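Q:
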Amino acid sequence: MLRTWSVYGISSVLSRSIAFLLLPVYTRVLSPEEYGIRAMVGLGLEIVGLLFAFGLKEAINRFYAGADGTPRAEAASTGLIAHMALIGAGAALGLVSAPWLAPLLLGDATLAPFLRLGLVAFFFAHVQEAALIYLRARRRAVLVAGISVANLLAMVCLNLVFVVALRWGVAGIFYAEIVVLGVSGTVLTVRALREIGTTFVPAIALRMARFGTPLMFLPLAWLLVNRADVMFVTHYGSLAAVGIYALAVQCAQVLMITLVDPFRNFWDPMQFDVARDPDGPRTYRRIFQWFTFASIVAAFAGAVAVDDVIRIMAAPAFHTAAVVVPVLLIAYALSGIHLLFNTALLVHNRTTLIAAMAIVTAAVNITVNAWLVPHYLAMGAAIARVATMATMVVVTFVLAQRLWRPRPDFVALAKIGTLAVTLFVVSRFLPDLPVVSSLAVKAALVALLVALGVWSGAVDRRDVAAAWSLVRGRLLKPGASKAPSPPDARPVPAKPGRASVTRP
9 MLRTWSVYGI
19 SSVLSRSIAF
29 LLLPVYTRVL
39 SPEEYGIRAM
49 VGLGLEIVGL
59 LFAFGLKEAI
69 NRFYAGADGT
79 PRAEAASTGL
89 IAHMALIGAG
99 AALGLVSAPW
109 LAPLLLGDAT
119 LAPFLRLGLV
129 AFFFAHVQEA
139 ALIYLRARRR
149 AVLVAGISVA
159 NLLAMVCLNL
169 VFVVALRWGV
179 AGIFYAEIVV
189 LGVSGTVLTV
199 RALREIGTTF
209 VPAIALRMAR
219 FGTPLMFLPL
229 AWLLVNRADV
239 MFVTHYGSLA
249 AVGIYALAVQ
259 CAQVLMITLV
269 DPFRNFWDPM
279 QFDVARDPDG
289 PRTYRRIFQW
299 FTFASIVAAF
309 AGAVAVDDVI
319 RIMAAPAFHT
329 AAVVVPVLLI
339 AYALSGIHLL
349 FNTALLVHNR
359 TTLIAAMAIV
369 TAAVNITVNA
379 WLVPHYLAMG
389 AAIARVATMA
399 TMVVVTFVLA
409 QRLWRPRPDF
419 VALAKIGTLA
429 VTLFVVSRFL
439 PDLPVVSSLA
449 VKAALVALLV
459 ALGVWSGAVD
469 RRDVAAAWSL
479 VRGRLLKPGA
489 SKAPSPPDAR
499 PVPAKPGRAS
509 VTRP
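Right, dumping it as structure tokens:
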């Protein structure tokens with residue numbers, strides 16, 4: 009498990025690092041208004057995906073895991089084909105409706121070409137993602153990670169050509185996405201269909217739709233968490249304010265992309281195996297402990313360093329974004345905890361409860377945004393995200409306790425959380441230092457947080473020792489084909505058609 013999560017994490021760190029290094033270029037070539045256009049087009053694309061995806065990506069994971077005795081190949085091929093058809097229909101409808109949608113989303117019908125370009129890129133992105141879901145279900149973590157890094161490198165190169173050299177502006181970003189995602193999505197889908205065949209079973213598609221349709225409400229809640237605040241800031245502020253807020257979100261998303269998303273890629277197919285394992289509650293508790301420890305340490309690192317990072321990476325017009333980032337990081341950390349609590353509902357096929365929970369949290373998000381954004385703009389929007397995610401976590405946990413009783417280690421979470429808050433307050437009283445010196449001091453604070461967390465028992469010290477032995481074995485034996493397993497690792501017998509897994 010740790011190896012798979014690590015592979016996804018390393019690829020995400022590499023990808024995000026490369027993209028983040030381009031911020032000085034983009035913020036000097038693109039204006040805050042252009043950043044605002046990009047953000048609002050993204051909102052429109054998420055709406056299309058929400059209305060036409062029918063939760064089929066989530067259904068592919070569950071049915072490929074053997075739900076209801078469905079043959080794996082038929083489940084995968086049916087899910088891929090149905091997903092492509094539905095997303096294609098949504099993109100086509102959006103292309104036709106662009107002249108009417110552009111005034112609603114962008115405030116100007118003349119910006120419809122940007123929306124059309126975004127829709128084409130959106131279609132290829134979903135085609136690629138469906139194929140990647142199949143590869144993750146096959147536990148092909150290294151291949152998925154390699155594809156992600158290769159796509160990012162290709163995207164960066166084309167962005168440098170289209171946006172920087174040719175000065176195509178926002179359109180250049182979309183053209184780069186179309187080229188890279190179009191090639192990658194087509195190749196991966198053809199490869200997947202060659203492995204599993206092109207069988208389409210309407211009955212399986214209907215069962216997938218019944219499972220996945222209630223899950224559409226969860227993306228609605230995510231959409232409101234991630235995008236409704238942009239609409240409120242646009243209404244009460246300006247496109248420039250939206251651009252600055254979008255940069256703050258982009259900085260905070262480093263946590264999402266480098267930690268939460270890799271964990272989701274690992275956990276989505278794995279959670280069904282953990283639920284069936286007799287030792288599942290113990291495994292779940294340890295995963296919860298390690299994930300919350302890692303996410304809080306990462307959020308703390310981002311919160312204390314963001315002032316210096318934005319000062320280096322962005323033009324002065326964007327520097328006010330740094331104030332909002334620490335609050336946004338809390339929201340993203342909560343989103344990862346929600347993934348763990350949501351497992352019970354997915355495993356027991358209670359997707360209608362997920363829909364009900366999503367409706368409640370969506371209402372909370374709109375209410376808090378309407379209350380705070382008119383007075384505090386970006387900071388109000390960030391606080392609304394935290395309130396929404398906290399509600400989602402609490403409601404999901406309460407619902408999950410009625411179905412499955414894993415025992416999350418809240419004591420360990422409280423320890424590392426208290427330490428992080430205390431050290432963050434200390435960091436606010438640091439004197440103004442040169443950037444290099446400031447980053448060095450803040451790196452020392454992060455190291456201190458890790459040391460205090462381990463000392464206080466926020467993570468099991470035996471796990472720390474096992475992880476250190478694993479890393480040391482890799483460093484001392486770089487040519488070894490297999491790293492030593494932790495002392496308490498035990499093999500889980502392979503089931504028919506499934507590769508064996510080593511449980512921590």
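Residues in the sequence shown are numbered from 9 upward in steps of one, following our numbering. The beta-carbon is built from N, C-alpha and C at its ideal position, and this holds for glycine as well. Every value quoted in this text rests on a predicted model; they were computed, and no experiment measured them.
Give a yes or no on whether the C-beta atoms belonging to residue 251 and residue 43 are separated by under 7 Å.
A: Closer than 7 Å, so yes.
Q: Can the beta-carbon of residue 359 be found closer than 7 Å to that of residue 219?
A: Yes. Within cutoff.
Q: Helix, strand or coil, according to DSSP, for residue 276 in the structure here?
A: Looking at residue 276 - three-state DSSP - the assignment turns out to be helix.
Q: Let me confirm a value: residue 409 is counted as buried when at least 16 other C-beta atoms fall within 10 Å, else exposed. Which label applies?
A: The residue in question, residue 409, is exposed, as its Cβ has fewer than 16 Cβ neighbours within 10 Å.
Q: Count the other CB atoms, across all protein chains shown, that sit within 10 Å of the CB of residue 298; report buried if there are 16 or more and exposed otherwise.
A: Its Cβ being crowded by 16 or more others within 10 Å, residue 298 is buried.
Q: Note down, in chain order, each residue of its chain lying with its Cβ closer than 6 Å to the Cβ of residue 390, except the 5 sequence neighbours on either side.
A: Only 332, 335 and 336 meet the Cβ criterion.
Q: Would you report the Cα separation of residue 95 and residue 443, rounded to the nearest angstrom?
A: Going by the C-alpha atoms only, they are around 46 Å apart.
Q: Of all the options 69, 56 and 451, which has the alpha carbon lying nearest to the alpha carbon of residue 314?
A: The shortest Cα separation from residue 314 among 69, 56 and 451 belongs to 451.
Q: Could you check if residue 116 is buried or exposed, using at least 16 other CB atoms within 10 Å of its CB as the buried criterion?
A: Exposed is the call here.
Q: Would you mind giving the Cβ-Cβ distance between residue 132 and residue 189, rounded to the nearest angstrom? I have them listed as a contact below 8 Å.
A: About 4 Å separates the two Cβ atoms, so the contact holds.
Q: Could you tell me the distance, in whole angstroms, from the CA atom of residue 184 to the CA atom of residue 290?
A: Residue 184 and residue 290: Cα-Cα distance of roughly 45 Å.
Q: If you check the beta carbons only, do residue 106 and residue 123 fall under 7 Å apart?
A: Cβ atoms of residue 106 and residue 123: closer than 7 Å.
Q: Do the segment 208-224 and the segment 80-99 touch if we need at least three Cβ pairs shorter than 8 Å?
A: Touching, yes.
Q: Mind listing, in chain order, the continuous beta strand (DSSP E) runs of no fewer than 3 residues lying wholly within the segment 270-345?
A: If we require 3 residues or more, the segment 270-345 turns out to have no beta strand (DSSP E) run fully inside it.
Q: Apart from the five residues just before and just after residue 200, which ones in its own chain have a Cβ nearer than 6 Å to its Cβ?
A: Cβ neighbours of residue 200 beyond the five flanking positions: 139 and 142.
Q: Does DSSP put residue 466 in a helix, a strand or coil?
A: DSSP places residue 466 in coil when its eight states are reduced to three.
Q: Cα separation between residue 423 and residue 280?
A: Roughly 29 Å between the two C-alpha positions.
Q: Among the candidates 340, 330 and 399, whose CA atom is the shortest distance from the CA of residue 268?
A: Nearest of 340, 330 and 399 to residue 268, Cα basis: 340.
Q: Check this for me: beta carbons of residue 457 and residue 240, under 7 Å apart or not?
A: Contact: no.
Q: Between which two residues does the alpha helix (DSSP H) carrying residue 218 extend?
A: 210-220 is the extent of the alpha helix (DSSP H) around residue 218.
Q: Buried or exposed for residue 406, please, with buried defined as at least 16 other CB atoms from any protein chain shown within 10 angstroms of its CB.
A: So residue 406 ends up on the exposed side.
Q: Round the Cβ separation of residue 404 and residue 373 to the nearest angstrom and send it over; I've been treating them as touching at under 8 Å.
A: Their Cβ separation, rounded to whole angstroms, is 15 Å, which puts residue 404 and residue 373 out of contact at 8 Å.
Q: Which of the three DSSP states is assigned to residue 412 in this structure?
A: DSSP places residue 412 in coil when its eight states are reduced to three.
Q: Sorted by chain position, which residues of the same chain lie with C-beta nearer than 6 Å to residue 288's C-beta, five sequence neighbours on each side aside?
A: 282, listed in sequence order.
Q: Check whether the Cβ atoms of residue 369 and residue 399 sit closer than 7 Å, and answer yes or no.
A: Yes; because the gap between Cβ atoms is below 7 Å, this pair is in contact.
Q: Just the C-alpha distance for residue 420 and residue 295, rounded to the nearest angstrom, thanks.
A: The straight-line gap from Cα to Cα measures roughly 12 Å.
Q: What's the C-alpha gap between residue 110 and residue 284?
A: Each residue's alpha carbon lies about 48 Å from the other.
Q: For residue 415, which option in 465, 348 and 461 has the closest C-alpha, if you only look at C-alpha atoms?
A: Residue 415 has its Cα closest to that of 348, out of 465, 348 and 461.
Q: Run through DSSP, which three-state label would residue 438 get?
A: DSSP places residue 438 in coil when its eight states are reduced to three.
Q: Assuming contact is defined by CB atoms lying nearer than 7 Å, are residue 429 and residue 301 in contact in what I supplied?
A: It is not a contact, given that the beta carbons lie outside the stated cut-off.
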